[in-house]
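**Student:** Handing you a structure now.
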Amino acid sequence: MSHLRIDRPGLSTTIQDLGRPGRQRYGVPVSGALDPLALRLANALVGNPAGTAALEILALGPTLTVEAPSVRVALVGSEVGLKIDGTAIPAGRSVTVPQGARISVGGFTDAASCILAVEGGFALAPAMGSLSTYARGGFGGFEGRALKAGDLVPLAEATATAGPERKSGQIDYGDGPIRVVLGPQESWFEPAAIERFFAEPYTVTAEADRMGMRLEGAKLAHARGFNIVSDGIAPGHIQVPGTGQPIILLADRQTVGGYPKIGAVIGADLPRLGRMRPGETLRFARIEVAEAEAARRAQEAAFMALVQAIGPVVMVPTTEQLLSQNLIDGVVSA
Amino acid sequence: MTVPAPKFLAAGDAALVVEYGEIIDAALIDAVQQLDRRLGAACLPGVLETVPTFRSLMVHYDPLATTRAELIAAIQALDAGAPAAALAPGRRWVLPTCYEPAFAPDLADVAAATGLAPDAVTATHAANRFTVAVVGFLPGCPFLAEMPAAFDLPRRTAPRTRVPTGSVAVAQRLSVIYPTESPGGWHLIGNCPVPLFDAGWDPPALLAPADAVRFRPVDAAEHARILAAAQNGEYDPHRECLDEKDPA
């Protein structure tokens, strides 16, 4: 069986796909990649279906050894790129790595997470229809946990297929304030608190993980207390506990909760949010649901155009290589 | 109580909340579960899943396949449709539970708060007919409604960092069974040895919203036997379901 051997796991490297919707009524979180656009693009680069499971890497990447005749990989989401036995390979393109070579991803600060996809994905049994790791529950991915040194992660394809390497342009994550739809508990806040929420900057604190990110900024005063009878939680929901400081709920969010939710980050801005690191500052802007739906459709169209535009890596051979191949003998005279 | 017409509240651009009220009440729970069954039967385009809670139904949808406006119109049309009573109700369960002191560290506190004798607390819980209102907090964790008004207790002021697996607890006129060890702030009055969640099951949780549950008191020896059998894979928890009796 072909494997990737984990020499060093990095800070937190887990297997993630697009998540396991459909079982929230049983209390099972959806999980999935924090940056689903990076997952889909990395998969496209190695020729996989968009939702194939890949490695999600947080802040500091792993070192892996290829225990297969070869494997094709691509890193998307951070410009940190890959090192293959020390040779730098930029992000946003595929590369085929030979047996015994070491793939390493260093520390990065341009995003909180990035994705390393492998051609064919992993030969692991899904839990409830998904390979996404939910570490709190101990299921999904590789033994329900983040990877550790010594793990042998089985590859679904014995070897890389023939064919050119492929590269893509950059994902447009958008910029400007993070857009939020109010609700369902906006009436639990003082009107002045809602004004402050959209007027003041917030900083991502160190208490940020796959479940959610705790923010620090203008304190939001509740008008009706901070204990509601629990109701459902949506992706990007912003709950405000008694501290008055908002918590944005991300991929591993619980399915129901009992704190008032002032609003939810729109789908088009969730990938950008999932990339934010502790210490970064953000601002919120209020929009309506119909605008959010339009923004999501526009983002999807732009993303599909980016995937369509994926093309072969144009090799720019060195003079030495050309001469050795005897293609242009005598032409290059300089 | 009379259930008012639901409100459609925003929850981002991939979910909407159909809210019947803001409190825990049997009539609201029933309204939510009826809508859940209607939506489940209707298979509306773009709906990914629904999550019933005490007082509202969360409808998760794919915003690339439908819109909030379309979905609200479709749900309003449903609400006027066939009565949900015709659709399959939940299943009935009788769960063995040991109420002996080793499993009931908070029994004395609950007795003091409710004004009941400790035996009466246990007897009231064991005689109560519960409905699974919500499965959440932990995967497979059932929130059971509803106990008499005397059990409208706040959570413990000092939550426990480790509540043992299977703990049966009460607060806020509800009861809960912890499917796995977890932090928790409810009052522990017993322990149920029946496994409630397994990522390898389909569905992964034993209990589902709208299921009916009551508890059957067992002694520590029977509790230990069930627990050991469950750990050895020799115990099928579906034997505790009145609607799934093996015909053999």
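Protein sequences appear in the order of chains A and B. Here our numbering is used: the first residue of the first sequence is 2, the next is one more, and so on. Here our numbering is used: the first residue of the second sequence is 20, the next is one more, and so on. C-beta: ideal position from N, C-alpha, C; glycine also. Predicted model only: the values in this text are computed from it and were never measured.
#1: Just list the alpha helix (DSSP H) runs in the region 165-215 of chain B, keeping only unbroken ones of 4 residues or longer that don't cross its boundaries, in chain order.
#2: Within the same chain, show all residues whose beta-carbon is closer than 6 Å to that of B/Leu28, passing over the 5 residues directly before and after it, in chain order.
#3: Is it the case that the region 67-76 of chain A contacts the region 10-18 of chain A, given that we only count it when at least three CB pairs across the two stretches are under 8 Å?
#4: Just the Cα atoms here: how many angstroms apart are B/Gly31 and B/Glu241?
#5: Per DSSP, which one or two residues make a beta bridge with A/Gln240?
#6: Residues of chain A with CB under 9 Å from B/Asp230, in chain order?
#7: Against chain B, does A/Thr15 count as a neighbour if the rule is that its beta carbon must be under 8 Å from one of theirs?
#8: Relative to the C-alpha of A/Phe285, which candidate in A/Gln309, A/Pro202 and A/Asp36 has its C-alpha closest?
#9: For A/Ile288, which residues of its own chain have a beta-carbon under 8 Å away from its beta-carbon, when the five flanking residues on both sides are left out?
#10: Could you round the C-beta distance between A/Gly275 and A/Asp86 to whole angstroms and report it? I think they count as a contact, below 8 Å.
#11: Which residues of the region 175-205 of chain A have a Cβ closer than 8 Å to any Cβ of chain B? Give them in chain order.
#12: How would you call A/Gly312, buried or exposed, if buried means at least 16 neighbouring beta carbons within 10 angstroms?
#13: Are the region 135-153 of chain B and the region 228-239 of chain B in contact at 8 Å, needing three or more beta carbon pairs?
#14: Who are the neighbours of B/Leu157 on chain A, taking C-beta pairs under 7 Å?
#15: Counting only Cβ pairs nearer than 8 Å, list the residues of chain A close to B/Pro223.
#16: Have a look at A/Ser169 and A/Val308 and give me their C-alpha separation to the nearest angstrom.
#17: Please compile the residues from chain A whose C-beta is within a distance smaller than 9 Å of the C-beta of B/His144.
#18: Using the beta-carbon count (16 or more within 10 Å), is A/Glu80 buried or exposed?
#19: Can a CB atom of chain A be found closer than 8 Å to the CB of B/Phe73?
#20: What residue does the beta strand (DSSP E) around B/His79 start on, and which one ends it?
#21: Where does B/Arg258 land, buried or exposed, given buried means 16+ other C-beta within 10 angstroms?
#22: If you follow the alpha helix (DSSP H) that B/Gln52 is in, where does it begin and where does it stop?
#23: May I ask you to report which of helix, strand or coil DSSP gives A/Arg41?
#24: Straight-line CA distance for A/Ala112 to A/Pro272?
#25: How long is the line joining the alpha carbons of A/Ala235 and B/Pro115, rounded to whole angstroms?
#26: Which one of A/Gln255, A/Gly218, A/Ala209 and A/Ala224 has the shortest CA to CA distance from A/Ser231?
#27: Tell me the rounded alpha-carbon separation between B/Val129 and A/Leu65.
#28: In terms of DSSP beta bridges, what is B/Ala34 paired with?
#29: Which residues in chain A have a C-beta closer than 8 Å to the C-beta of B/Leu28? List them in chain order.
#30: Under the assumption that A/Gly28 contacts B/Val154 (Cβ atoms under 8 Å), give the Cβ distance between them as a whole number of angstroms.
#31: Can you give me the C-alpha to C-alpha distance between B/Pro82 and B/Ala33, rounded to a whole angstrom?
#32: Cβ closer than 8 Å: which chain A residues qualify as neighbours of B/Ala249?
#33: Taking 8 Å as the threshold (beta carbon to beta carbon), is A/His223 in contact with chain B?
#34: Apply the 10 Å Cβ neighbour rule to A/Asn49 and answer buried if 16 or more other Cβ atoms are within range, or exposed otherwise.
#35: If B/Ile208 and B/Val189 are in contact, beta carbons under 8 Å, what's the gap, nearest whole angstrom?
#36: What residues of chain E sit near B/Val36, judged by a beta carbon separation below 8 Å?
**Tutor:** Here's the rundown:
#1: none
#2: Val36 and Glu38
#3: no
#4: 49 Å
#5: A/Ile248 and A/Lys262
#6: What B/Asp230 touches in chain A: nothing, since even the nearest Cβ is about 11 Å away.
#7: no
#8: A/Pro202
#9: Arg180, Val181, Val182, Ile267 and Ala296
#10: The Cβ separation is near 31 Å, so there is no contact.
#11: Val182, Leu183, Gly184 and Pro185
#12: exposed
#13: yes
#14: Gly28
#15: Arg24, Tyr27, Val29 and Met129
#16: 7 Å
#17: Under the 9 Å cutoff, chain A gives no residues; its nearest Cβ is about 21 Å from B/His144.
#18: exposed
#19: yes
#20: Ser75 to Tyr80
#21: exposed
#22: Ala45 to Ala61
#23: helix
#24: 11 Å
#25: 35 Å
#26: A/Gln255
#27: 55 Å
#28: B/His79
#29: Gly184 and Pro185
#30: 5 Å
#31: 6 Å
#32: Here the premise fails: no neighbours, minimum Cβ distance about 17 Å.
#33: no
#34: buried
#35: 6 Å
#36: Note that chain E does not occur in the displayed structure, where the protein chains are A and B.
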